[in-house]
Amino acid sequence: MHSLRPLLHPPENEQILLAQAQRLAGYTLGELAALAGLAIPPDLKRDKGWIGILLELWLGASAGSKPEQDFAALGIELKTIPIDRQGRPLETTFVCVAPLIGNTGVVWETSHVRHKLKRVLWIPVEGERQIPLAERRVGAPLLWEPSEEEEHQLRLDWEELMDLIVLGQVERITARHGEVLQLRPKAANGKALTEAIGTEGARILTLPRGFYLKKNFTARLLARHFHL
DNA sequence: TTATGATCATAC
DNA sequence: GTATGATCATAA
Numbered sequence: 132m133h134s135l136r137p138l139l140h141p142p143e144n145e146q147i148l149l150a151q152a153q154r155l156a157g158y159t160l161g162e163l164a165a166l167a168g169l170a171i172p173p174d175l176k177r178d179k180g181w182i183g184i185l186l187e188l189w190l191g192a193s194a195g196s197k198p199e200q201d202f203a204a205l206g207i208e209l210k211t212i213p214i215d216r217q218g219r220p221l222e223t224t225f226v227c228v229a230p231l232i233g234n235t236g237v238v239w240e241t242s243h244v245r246h247k248l249k250r251v252l253w254i255p256v257e258g259e260r261q262i263p264l265a266e267r268r269v270g271a272p273l274l275w276e277p278s279e280e281e282e283h284q285l286r287l288d289w290e291e292l293m294d295l296i297v298l299g300q301v302e303r304i305t306a307r308h309g310e311v312l313q314l315r316p317k318a319a320n321g322k323a324l325t326e327a328i329g330t331e332g333a334r335i336l337t338l339p340r341g342f343y344l345k346k347n348f349t350a351r352l353l354a355r356h357f358h359l
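In terms of our numbering, the first sequence opens at residue 132 and continues consecutively.
Spelled out as C-alpha cells, the structure:
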C-alpha cells in the first residue's frame with residue numbers, strides 16, 4: 132500500500148515541492164506513468180518532451196505553453212536531465228529561445244537566460260537508450276542556484292553570443308561558441324524561419340535559435356552536489 | 001564515440 | 001510563428 136500520487140496543484144512552498152520530488156526518487160518512469168494514468172510511448176523519438184511532461188504532472192507544475200517559470204510563485208524552473216550510469220549528463224539542456232531582433236540595450240541582468248536559471252530544480256533521470264523507457268529510474272532532485280563563478284561563466288558566454296547577434300553575425304555562430312552556454316537551432320524543422328539581423332544590418336530570415344547549457348556545465352553542477 | 005545541427009509533439 | 005517539453009541522428 133502506498134499514498135504516492137501526483138500533486139494536483141502547484142506546491143504552496145519549496146518544502147512541499149522538494150518533499151514530493153524526493154519521494155519520486157527510485158521509481159521507474161513506467162511506475163510513475165501508470166500511477167498518473169499517463170500512456171507511455173515506446174521510446175522518445177516522437178515524444179522528446181514526455182519525461183518532462185510526466186515530472187511536471189507529478190510535481191504540480193501547470194503543463195502547457197506559458198512563458199514563465201514552472202513554479203512562478205516559488206521562482207523555480209523545473210528541468211529533467213538525462214544521465215548515464217555514472218551520473219553524467221547525456222544531453223545539453225535547453226534554456227530559452229534567443230531573441231534575434233530588438234536587442235539594442237539588452238543586458239545580462241534582465242535577460243531571459245538569467246531569469247530561467249535563477250533557481251532550477253534538476254531531476255536526473257536514467258537516459259541511456261539501451262534502458263527501456265518504462266524501466267528508467269528517476270534520481271534524487273537537486274535545487275540549484277548558480278554560484279558566483281557559474282553566473283560569471285554564463286554571463287560571458289551570453290554577452291559574446293548576444294554581441295554577435297546584434298552585429299548581424301547570427302549565421303556565423305556555431306555551437307562551438309561559448310564555454311558553458313551555446314547557441315543552436317531550436318525549430319520544428321528547417322522551414323521554420325524567423326527574423327534576424329544580417330550583415331550590413333539588413334533584415335534576414337533565419338532558423339530560430341535557442342540557448343543551451345553545455346554538458347560540461349551541467350556535469351559539474353551535478354557532480355558538485357552528488358559528490359561524483 | 002561524441003557533439004553539432006536538426007528535428008518531434010502539442011497548444012494557441 | 002512562438003511558446004512549452006526536449007532528444008535524435010549523423011558527420012567527424
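Backbone N, C-alpha and C fix where the C-beta goes; we use that ideal spot for every residue, glycine too.
Rounded C-beta distance between residue i and residue j? I'm assuming under 8 Å.
i	j	result
residue 311	residue 285	6 Å
residue 211	residue 343	About 15 Å separates the two Cβ atoms, so there is no contact after all.
residue 258	residue 214	6 Å
residue 272	residue 289	About 26 Å separates the two Cβ atoms, so there is no contact after all.
residue 346	residue 228	Their Cβ separation, rounded to whole angstroms, is 20 Å, which puts residue 346 and residue 228 out of contact at 8 Å.
residue 181	residue 172	6 Å
residue 359	residue 217	7 Å
residue 234	residue 296	6 Å
For residue i versus residue j, is the C-beta distance shorter than 8 Å?
i	j	result
residue 156	residue 269	yes
residue 327	residue 232	yes
residue 336	residue 321	no
residue 298	residue 308	no
residue 164	residue 185	yes
residue 306	residue 313	yes
residue 137	residue 167	yes
residue 226	residue 244	yes
Within 10 angstroms of its Cβ, does residue i collect 16 or more other Cβ (buried), or is it exposed?
i	result
residue 241	exposed
residue 201	buried
residue 206	exposed
residue 348	buried
residue 353	buried
residue 332	exposed
residue 177	exposed
residue 139	exposed
residue 340	buried
residue 236	exposed
residue 209	buried
Item to check | In chain order, each alpha helix (DSSP H) run of at least 4 residues that lies wholly inside the stretch 234-272 | outcome: Complete alpha helix (DSSP H) runs here, min 4: 243-247.
Checklist entry - Is the stretch 254-265 touching the stretch 196-206, taking contact as three or more C-beta pairs under 8 Å? => result Contact fails between the stretch 254-265 and the stretch 196-206, because fewer than three Cβ pairs, one in each stretch, are under 8 Å apart.
Checklist entry - Three or more C-beta pairs closer than 8 Å, one from the stretch 235-252 and one from the stretch 275-294: is that the case here? => result Enough Cβ pairs lie closer than 8 Å, so yes.
Checklist entry - Counting pairs of beta carbons, one from the stretch 138-153 and one from the stretch 185-194, are three or more of them closer than 8 Å? => result yes
Next on the checklist: Just to confirm the assignment: which complete alpha helix (DSSP H) runs, minimum length 4, are found wholly within the stretch 173-204?
Outcome noted: 181-190
Checklist entry - In chain order, which alpha helix (DSSP H) runs of at least 4 residues are fully inside the stretch 315-353? => result none
Item to check | Sequence ranges, alpha helix (DSSP H) only - wholly within the stretch 267-314, length at least 4 | outcome: 279-297
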